[in-house]
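> Protein chains in written order, with UniProt numbering: chain A, 1 to 420; chain B, 1 to 420.
Number of protein chains: 2
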Amino acid sequence: MKAAIVTIGDELLIGQVIDTNSVFIGSMLEEVGCSVIEKVAVKDTETAIFETMSRYQNQVDLVILTGGLGPTKDDVTKKTFARYFDDELVLHKKVFLHVKQLMEQFYKRPISEMNIQQAYVPSKCKILFNEVGTAPGMLMVKEQTTFVSLPGVPYEMKYLVTEKLLPYITKHFQLNAIVHTTVLTAGIGESLLAEKIEQWENSLSALDIKLSYLPQFGMVRLRLSKTGTDEEQIKQQIHHKMEELEQLIPDFFIGISNASSLLDEVSRLLKVHQLTIATAESCTGGSIARQLTSLEGSSAYFKGSAVTYATESKVQVLGVQQHIIDTFSVVSEEVAKEMAVGVKKLFQTDIAVSTTGNAGPLKGDSEKEVGTVCIGIATPEKTETVTFNFGQPRSKVIEAAVHKVWFLLYQYLKQKKSAI
Amino acid sequence: MKAAIVTIGDELLIGQVIDTNSVFIGSMLEEVGCSVIEKVAVKDTETAIFETMSRYQNQVDLVILTGGLGPTKDDVTKKTFARYFDDELVLHKKVFLHVKQLMEQFYKRPISEMNIQQAYVPSKCKILFNEVGTAPGMLMVKEQTTFVSLPGVPYEMKYLVTEKLLPYITKHFQLNAIVHTTVLTAGIGESLLAEKIEQWENSLSALDIKLSYLPQFGMVRLRLSKTGTDEEQIKQQIHHKMEELEQLIPDFFIGISNASSLLDEVSRLLKVHQLTIATAESCTGGSIARQLTSLEGSSAYFKGSAVTYATESKVQVLGVQQHIIDTFSVVSEEVAKEMAVGVKKLFQTDIAVSTTGNAGPLKGDSEKEVGTVCIGIATPEKTETVTFNFGQPRSKVIEAAVHKVWFLLYQYLKQKKSAI
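1. Can you find the residues in the same chain that come closer than 7 angstroms, C-beta to C-beta, to glutamine 271/A, ignoring five residues on each side of it along the sequence?
2. Compile a chain-ordered list of the residues in the stretch 331 to 349 of chain A whose CB is closer than 8 angstroms to at least one CB of chain B.
3. Which chain B residues are close to histidine 180/A, counting only those with a beta carbon under 9 angstroms from its beta carbon?
4. Could you check what DSSP says for tyrosine 412/A in three-state terms: helix, strand or coil?
5. For the stretch 55 to 74 of chain A, enumerate the residues whose C-beta is nearer than 9 angstroms to any C-beta of chain B, in chain order.
6. When the cut-off is 8 angstroms and only beta carbons count, does phenylalanine 302/B lie next to chain A?
7. Please classify lysine 344/A: does DSSP put it in a helix, a strand, or coil?
8. Based on the DSSP output, what are the partners of leucine 184/A in its beta bridges?
9. Mind checking if serine 27/B is an interface residue toward chain A, Cβ cutoff 8 angstroms exclusive?
10. Given this structure, state the Cα-to-Cα distance separating leucine 128/A from methionine 138/A, to the nearest angstrom.
11. Using DSSP with H/G/I as helix, E/B as strand and the rest coil, what is isoleucine 398/A?
12. Tell me which residues of the stretch 276 to 290 of chain A have at least one Cβ-Cβ distance to chain B shorter than 9 angstroms, keeping chain order.
13. Please identify the residue among Leu193/A, Leu175/A, Leu413/A, Lys196/A whose C-alpha is closest to the C-alpha of aspartate 61/A.
14. Express the C-alpha separation of asparagine 202/B and tyrosine 107/A in angstroms, rounding to a whole number.
15. Report the three-state DSSP secondary structure of isoleucine 375/B (helix, strand or coil).
16. For the candidate residues Glu231/B, Ile209/B, Gln216/B, Asp230/B, whose alpha-carbon lies nearest to that of leucine 224/B?
17. Could you give the C-beta distance for aspartate 10/A and lysine 43/A, rounded to a whole number, given that I count them as a contact under 8 angstroms?
18. Please list, in chain order, the chain A residues whose beta carbon lies closer than 7 angstroms to that of proline 110/B.
19. Which residues, in order along the stretch 136 to 152 of chain B, keep a beta-carbon less than 8 angstroms from a beta-carbon of chain A?
20. Within the continuous alpha helix (DSSP H) that includes glutamine 274/A, where are the two ends?
21. Nearest-angstrom Cα distance between leucine 69/A and leucine 89/A?
22. Going by DSSP in three states, phenylalanine 407/B sits in which element: helix, strand or coil?
23. Please list the segments of the beta strand (DSSP E) lying wholly inside the stretch 134 to 178 of chain A, counting only runs of 3 or more residues, in order along the chain.
24. Under the rule that 16 or more other beta-carbon atoms within 10 Å means buried, what is glutamate 156/A, buried or exposed?
25. Compare the C-beta of arginine 394/B against all C-beta atoms of chain A and say whether one is closer than 8 angstroms.
26. Can you give me the C-alpha to C-alpha distance between tyrosine 213/B and lysine 164/B, rounded to a whole angstrom?
27. Can you check whether the CB of glycine 371/B is closer than 8 angstroms to the CB of valine 405/B?
28. Buried or exposed: which applies to isoleucine 420/B, given that a residue is buried once 16 or more other Cβ atoms fall within 10 Å of its Cβ?
29. Mind pulling the chain A residues with CB within less than 8 angstroms of methionine 114/B?
30. Have a look at leucine 29/B and serine 35/B and give me their C-alpha separation to the nearest angstrom.
31. Are the beta-carbon atoms of glutamate 246/B and tryptophan 200/B separated by less than 8 angstroms?
32. Can a CB atom of chain A be found closer than 8 angstroms to the CB of glutamine 105/B?
33. Short of 6 angstroms in beta carbon distance, which residues of its chain neighbour serine 260/B, apart from the five on each side in sequence? Order them along the chain.
34. Alpha carbons only, please: which of Glu31/B, Pro136/B, Gly189/B is nearest the one belonging to glutamine 216/B?
35. Let me check one thing: in DSSP terms, what residues is leucine 128/A bridge-paired to?
36. Considering Cα atoms alone, identify which of Thr379/A, Glu369/A, Pro151/A, Val353/A is closest to asparagine 21/A.
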């Protein structure tokens with residue numbers, strides 16, 4: 001079963017917002033076995049929306065549109081939807097009562113003419129009732145293709161996809177199993193890796209397994225994908241191929257992960273070993289803490305972070321000695337070490353990591369080259385430090401430093417594992 | 001001048017990565033007056049890429065493709081590019097020497113057969129020389145349309161766009177001025193706002209100005225856009241319309257901003273007033289600190305943050321009194337107040353903000369309802385606290401709390417402004 005995702009709005013085209021809606025929809029569709037073959041962002045004009053719907057007609061089984069369902073004049077999706085199906089907009093009583101209630105109870109004002117417009121839908125459409133907002137989802141079928149229009153507000157869209165659309169899809173479509181398995185490798189470049197695994201890579205095509213290389217900051221993720229009817233068999237085939245791969249590159253093979261980063265693996269190992277962690281962040285500015293707390297249940301191991309951005313805060317909050325800063329510079333392994341030790345003591349944890357660096361574009365309180373980052377890791381056994389240069393721009397330095405912290409933590413925790 | 005952006009890779013379709021490349025390209029093209037009318041993500045197969053190129057042929061002036069230029073077998077863009085132009089791949093000597101040098105100096109190993117492949121390009125293409133990576137950008141023209149292929153690695157793509165592609169565009173194309181101006185409003189819903197400004201909105205069409213509503217967490221951004229030849233005249237027209245709007249809704253009009261959030265405005269006002277700030281974050285887990293440090297030059301006002309995720313860390317690090325936690329619960333305005341006061345003292349700043357809440361999905365150390373967030377703001381004058389419920393899911397609670405912090409800081413700083 002094939003699907004296309006259409007996101008509507010000029011803000012997506014001029015770079016004003018980052019589209020995360022289609023990311024969510026894509027991952028949800030893949031999970032139930034619906035293959036997304038294309039996604040497109042179009043202008044919020046009737047012509048652009050109509051032409052895009054026509055283009056996918058009978059080319060895919062399902063088209064999901066998001067956005068352009070608000071009450072204001074710039075939102076034209078519903079009108080276009082009705083026109084595409086030669087239908088007219090009629091007042092939907094249940095939606096009307098829902099909008100009225102929302103206005104009166106939540107916004108404390110009577111329903112307005114503009115609110116009432118939200119209750120109008122194409123007469124022949126199936127409503128995906130939106131309990132968490134005013135704009136309903138709409139589903140209509142033309143020939144071989146089902147079209148679904150969803151609001152662009154992320155949590156309303158997510159609610160409708162998980163609660164209304166996915167149940168509809170699994171009931172009405174013949175679905176294949178799609179299995180994607182991603183493995184992390186580190187310490188080897190993309191092209192050298194490809195040379196080492198060439199024969200193994202060639203063996204995949206006989207099994208109809210597709211291999212993709214996803215390089216990222218000194219790591220290469222390898223994704224194996226296969227679509228078919230027998231999910232168990234596919235999983236076994238891929239599992240077997242992964243075992244072969246591990247034997248082929250034991251020094252670089254980190255582990256199988258369906259997440260996009262090492263973070264989940266670090267999180268899992270912290271829980272396994274019942275270790276607590278704190279972070280002292282300067283140049284990463286809270287990014288490490290934020291990623292840890294983005295995971296549900298992280299309070300089991302994450303105690304907190306001291307984001308000591310200013311040099312004097314490193315002294316005041318973490319107890320870094322001023323003469324060490326004066327002697328070695330604030331961007332130095334000596335300071336990274338003191339920060340890690342200081343925050344470990346402050347939050348009374350088993351492990352602590354620290355970062356201090358010049359993210360750029362200008363040098364701060366240190367003469368060290370722009371892009372330089374020192375990382376400290378304090379464990380129950382010892383405190384280690386290491387220096388990297390991640391170049392420029394600023395955003396890359398911060399992102400690369402955070403990645404490196406996960407990798408260093410992973411290495412420590414993995415070795416810990418084998419010692420048990 | 002019209003453009004389309006094509007991003008290549010299955011990872012974009014299955015929701016494995018968030019596409020930020022097209023966001024960057026879109027904003028850069030708009031800045032030089034090139035209007036992006038569509039962007040599309042396609043599978044990394046020759047068929048998908050070829051068909052997409054054909055579809056835009058003579059429909060737009062410029063097509064920018066990113067991704068699929070790596071040395072491995074899953075990367076097929078270059079092959080497809082050559083085929084589309086009936087061209088053959090030939091070794092480019094300058095690129096070859098550059099790749100060889102990169103391998104020898106940076107990776108400390110001889111150039112391999114696979115690396116050499118990166119130096120092959122279509123014989124008739126114009127090279128966009130990639131000083132920061134191995135894969136060159138390629139530019140070719142067919143009939144009315146110029147096609148450009150760029151690597152998908154973000155910093156290589158950004159380098160080639162800013163250093164090579166934009167100069168080419170401004171030299172070879174007739175460009176219009178595109179002016180987008182975004183204004184922030186807050187404290188009024190989208191539909192009520194639309195009713196209040198209906199007549200003003202109607203007056204825009206006579207000037208060919210397009211209005212878009214962009215609602216987001218209790219704020220509505222209004223974007224005015226116009227394309228034309230006389231940039232100064234357009235700017236004046238939009239400026240005049242914005243003045244009218246401010247008079248129409250003085251209580252809700254926050255200010256003109258070409259950024260997507262209040263953060264830039266808060267940052268600007270902190271600098272204007274020479275005030276320093278620290279944050280004490282529990283449920284937001286470092287997100288506030290991270291956003292502040294993402295801005296260049298933030299070290300002028302941001303001293304640091306205490307991410308006290310665990311309840312005991314609020315006591316140990318910030319000096320929150322245990323009996324206050326026991327009496328009022330860790331998610332309470334009383335604790336938010338102590339956190340703000342504590343972090344202000346710890347980092348010795350003028351202002352401090354604090355967050356403590358239940359982001360969910362499960363309740364933590366507090367019995368307060370999931371979604372509840374208490375925010376504290378300590379200023380030189382006083383400390384205030386406020387409670388919100390942002391519902392679910394977890395990611396929305398965190399994002400909404402951060403937005404609310406910017407809004408509260410903005411309100412404080414704006415009032416401060418008028419007092420000077």
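Cβ atoms here follow ideal geometry from the backbone N, Cα and C, with glycine treated the same way.
Looking at the atomic coordinates:
1. Here residue 271/A corresponds to residue number 271 of the first sequence, with the count starting at 1. Glutamine is not the amino acid found at residue 271/A; the sequence shown has lysine there. Hits under 7 angstroms: Ala300, Tyr301.
2. Leu346, Phe347, Gln348
3. Translated into the one-based positions of the first sequence, residue 180/A becomes position 180. Chain B residues near histidine 180/A: Asp10, Ile14, Gln16.
4. As a first step, residue 412/A is located in the first sequence; it is residue number 412 there, counting from the start. Reduced to three states, the DSSP call for tyrosine 412/A is helix.
5. Arg55, Gly70, Pro71, Thr72, Lys73, Asp74
6. Here the question's residue 302/B lines up with position 302 in the second sequence. By this cut-off, phenylalanine 302/B is an interface position.
7. Your numbering for residue 344/A matches position 344 in the first sequence. Reduced to three states, the DSSP call for lysine 344/A is helix.
8. Translated into positions along the first sequence, residue 184/A becomes position 184. Paired residues: Arg221/A, Gly255/A.
9. Here residue 27/B is taken as the residue at index 27 of the second sequence, counted from 1. Closer than 8 angstroms to some Cβ of chain A, the Cβ of serine 27/B qualifies, so yes.
10. By 1-based counting over the first sequence, the position of residue 128/A is 128. By 1-based counting over the first sequence, the position of residue 138/A is 138. For leucine 128/A and methionine 138/A, the distance between alpha carbons rounds to 6 angstroms.
11. As a working mapping, residue 398/A is identified with position 398 in the first sequence. Three-state DSSP puts isoleucine 398/A in a helix.
12. Residues passing the 9 angstroms Cβ filter: Thr276, Ala278, Thr279, Glu281, Ser282, Cys283, Thr284, Gly285, Gly286, Ser287, Ile288, Ala289, Arg290.
13. Mapped onto the first sequence, residue 61/A falls at position 61. Ranking the options by Cα distance to aspartate 61/A, first place goes to Leu175/A.
14. One-based indexing of the first sequence puts residue 107/A at position 107. One-based indexing of the second sequence puts residue 202/B at position 202. Their Cα atoms are separated by approximately 26 angstroms.
15. Looking up residue 375/B in the second sequence gives position 375. If DSSP states are grouped into helix, strand and coil, isoleucine 375/B belongs with the strands.
16. As a first step, residue 224/B is located in the second sequence; it is residue number 224 there, counting from the start. Among Glu231/B, Ile209/B, Gln216/B, Asp230/B, the Cα nearest to that of leucine 224/B belongs to Ile209/B.
17. Locating residue 10/A in the first sequence gives position 10, where the first residue counts as 1. Locating residue 43/A in the first sequence gives position 43, where the first residue counts as 1. Contact holds; Cβ gap of about 6 angstroms.
18. By one-based count along the second sequence, residue 110/B stands at place 110. Going along chain A, no residue has its Cβ under 7 angstroms from proline 110/B, so there is no contact; the nearest lies around 11 angstroms.
19. Against chain A - using a Cβ distance shorter than 8 angstroms - the stretch 136 to 152 of chain B contributes no residues.
20. As a first step, residue 274/A is located in the first sequence; it is residue number 274 there, counting from the start. From DSSP, glutamine 274/A is part of no alpha helix (DSSP H); its letter is neither H nor E.
21. Position 69 of the first sequence, counted from the start, is the residue given in the question as residue 69/A. Position 89 of the first sequence, counted from the start, is the residue given in the question as residue 89/A. Rounded to whole angstroms, leucine 69/A to leucine 89/A spans 13 angstroms at the Cα level.
22. Translated into the one-based positions of the second sequence, residue 407/B becomes position 407. Looking at phenylalanine 407/B - three-state DSSP - the assignment turns out to be helix.
23. 137 to 142, 145 to 150
24. Indexing the first sequence from 1 puts residue 156/A at position 156. With 16 or more other Cβ atoms within 10 Å, it is buried.
25. Locating residue 394/B in the second sequence gives position 394, where the first residue counts as 1. Contact with chain A is found for arginine 394/B, since one of that chain's Cβ atoms lies less than 8 angstroms from the residue's Cβ.
26. Residue numbering aside, residue 213/B sits at position 213 when the second sequence is read from its first letter. Residue numbering aside, residue 164/B sits at position 164 when the second sequence is read from its first letter. Cα-Cα distance, rounded: 35 angstroms.
27. Here residue 405/B refers to the residue found at position 405 when the second sequence is read from its first residue. Here residue 371/B refers to the residue found at position 371 when the second sequence is read from its first residue. No, they are not a contact pair.
28. Residue numbering aside, residue 420/B sits at position 420 when the second sequence is read from its first letter. Residue placement at isoleucine 420/B cannot be trusted, given a pLDDT of 48 that sits under 50; what the coordinates show is reported in the next sentence. Exposed.
29. Mapped onto the second sequence, residue 114/B falls at position 114. In chain order: Ser191, Ala194, Glu195.
30. Position 29 of the second sequence holds residue 29/B. Position 35 of the second sequence holds residue 35/B. In a straight line, the C-alpha of leucine 29/B is about 7 angstroms away from that of serine 35/B.
31. Residue 246/B sits at position 246 when you count from the first residue of the second sequence. Residue 200/B sits at position 200 when you count from the first residue of the second sequence. In this structure, tryptophan 200/B does not lie closer than 8 angstroms to glutamate 246/B by Cβ.
32. Residue mapping note: residue 105/B aligns to position 105 of the second sequence, counting from 1. Not an interface residue.
33. Working through the second sequence from its first residue, we reach residue 260/B at position 260. Unreliable positioning characterises serine 260/B in this predicted model, as indicated by a pLDDT of 49, which lies under 50. A coordinate reading is not provided.
34. Residue 216/B sits at position 216 when you count from the first residue of the second sequence. Of Glu31/B, Pro136/B, Gly189/B, the residue nearest in Cα terms is Gly189/B.
35. Within the first sequence, residue 128/A is the residue found at index 128, counting from 1. Bridge pairing for leucine 128/A: Gly137/A [DSSP].
36. Along the first sequence, one-based indexing puts residue 21/A at 21. Of Thr379/A, Glu369/A, Pro151/A, Val353/A, the residue nearest in Cα terms is Pro151/A.
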